[in-house]
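Quick notes on the structure that follows.
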Amino acid sequence: MKDVRTVRLTNKVKCDYCSKIAEYDSRTGIGAWAYLCREHFEKYGIGLGLGKGQKIIYAEQKTD
């Protein structure tokens, strides 16, 4: 079964709240979805999983 808590991207995207590289694609507390850096995910994100959000894994990153 596919891990729904991660998503692979080839191009780096910026956080929708600042200029840092996004680490998450997440729904926020107000319902809108956003690319978020770690700091803003901890502040505005609602978690990981179906309907919540995914941790971004960029193509050049290796996973275990």
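The working numbering numbers the first residue of the sequence shown as 1 and each following residue consecutively. Yeah, the Cβ is synthetic: ideal placement off N, Cα and C, and Gly gets one too.
| query | result |
| --- | --- |
| Measure the Cβ-Cβ separation of ASP16 and LEU36 and say whether it is below 9 angstroms. | yes |
| Taking GLY45 as the reference, which of ASN11, GLU60, ALA22 has the closest Cα? | ALA22 |
| Are the CB atoms of HIS40 and ALA32 nearer to each other than 9 angstroms? | no |
| In the DSSP assignment, what residue or residues form a beta bridge with LEU36? | TYR24 |
| Given TYR58, which residues of its chain have a CB within under 7 angstroms of its CB, disregarding the five upstream and five downstream residues? | LEU9, LYS12 |
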